[in-house]
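Novice: Under my numbering, the first residue of the sequence shown carries the number 11, and numbering increases by one thereafter.
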Amino acid sequence: MLGVISALGLLLLMPGPTNTLLLRSGILTGFRRAWPLSLLECLAYLTQISFWGYLLSHIGDSVPWGLKLVQFASVCYLIRTSYLLWCHPDETLKSAPEARVSRLHFFLLTLINPKGLLIVSFIVPVQTFIDLTLYVQFVAQFTAVVVPVGCAWVLFGARIRHGGYAWLTPHAINRTASVVIGVFTLAILTRLADSLIHTGA
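(1) Cβ atoms of R34 and A168: under 8 Å apart, would you say?
(2) Tell me the rounded alpha-carbon separation between A106 and T39.
(3) With distance defined between alpha-carbon atoms, name the residue in S67, V85, P135 and V189 nearest to T120.
(4) Return helix, strand or coil for N184, following the three-state DSSP convention.
(5) Expressed to the nearest angstrom, what Euclidean distance is found between the alpha-carbon atoms of A203 and H172?
(6) Could you check which residue in C161, L65, K78 and S92 has the C-alpha nearest to that of F194?
(7) When the Cα atoms are used, what is the spatial distance from G19 to F132?
(8) Can you tell me which of the three DSSP states N123 falls into?
(9) Select from F116, S67, Y64 and A83 the residue whose C-alpha is nearest the C-alpha of W30.
(10) Express the C-alpha separation of A17 and R185 in angstroms, rounding to a whole number.
(11) Note down the Cα distance separating F139 from Q147, rounded to an integer number of angstroms.
(12) With a 10 Å radius around its C-beta and 16 neighbouring C-beta atoms as the bar for buried, classify W75 as buried or exposed.
(13) Alpha carbon to alpha carbon, how far is I37 from Y55?
(14) Determine the DSSP secondary structure at G13, reduced to helix, strand or coil.
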C-alpha cells in the first residue's frame with residue numbers, strides 16, 4: 011500500500027500539463043477559487059484510469075494499435091493546448107476577469123494526460139480492475155494522494171500571486187504554461203515514435 015501511494019505521489023508531483031494549469035490557476039485566481047480544480051482533476055484521472063484498467067484487464071495486448079491511436083490523439087490535444095496558450099496569451103484578460111481556464115477544458119486535458127496510462131501500466135496491478143474490493147481500495151488511496159498534491163500546486167501558485175511579482179502577468183504565465191506543456195508533449199511524442207519504430211522493426 012505504501013509503495014503504491016509513494017509511486018503515485020512521485021508521479022503526480024511531476025510537472026506536466028495538469029499541474030501547470032493548477033499552478034497557473036492558483037497564480038491568477040488564488041487558492042480559494044482554484045482549489046476545487048483538484049477535485050475535478052481527481053475525477054478525470056479516475057475516469058481515465060478506470061477505462062484503461064478495464065480495457066487492459068479484458069483485452070490486453072490484442073489491440074496495440076488502438077492504444078497507439080489514443081496516445082496520438084492525446085498528443086494532438088496537448089499540442090493544441092500549447093499552441094492556443096502561446097498564440098493567445100492575453101485572451102483571458104479580454105474574456106474573463108478571473109483569467110481562469112474553463113473547467114471543461116481542464117477536465118478534458120486531465121482526461122487525456124498520459125500519467126493516467128502510466129499509472130495503469132506501471133503502478134497499479136491489473137487485478138485491481140477485476141476485483142471490486144481492490145478497486146475501491148485503490149480509489150480511496152488515489153483520492154488521498156491526488157487531491158492534496160493538486161491543492162499543493164494551487165497553493166504554490168497562490169503564494170507566488172501574493173508575493174507581488176510584477177512580471178507574473180497573465181501573458182507571461184500563459185506563455186510559460188505553453189512552453190512547459192510543449193516540452194512535456196515533445197517527450198511523450200518521442201516515446202510514442204520510438205515505440206512505433208520498435209513495433210514496426
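Beta carbons are placed, not taken as given, at the ideal position from N, Cα and C, and that holds for glycine.
Specialist: Taking the coordinates as given:
(1) Contact flag unset, no.
(2) At A106 the pLDDT is 40, less than 50, meaning the model places this residue with poor confidence and gives no usable figure here.
(3) V85
(4) helix
(5) 42 Å
(6) Minimum Cα distance to F194 is reached at S92.
(7) Distance between the alpha carbons of G19 and F132: 14 Å.
(8) DSSP, reduced to helix, strand and coil, places N123 outside both helices and strands of the structure shown, so it counts as coil.
(9) Before going further, note that residue 30 is Thr rather than Trp in the sequence given. When only C-alpha atoms are compared, the closest one is F116.
(10) 30 Å
(11) 11 Å
(12) exposed
(13) 23 Å
(14) helix
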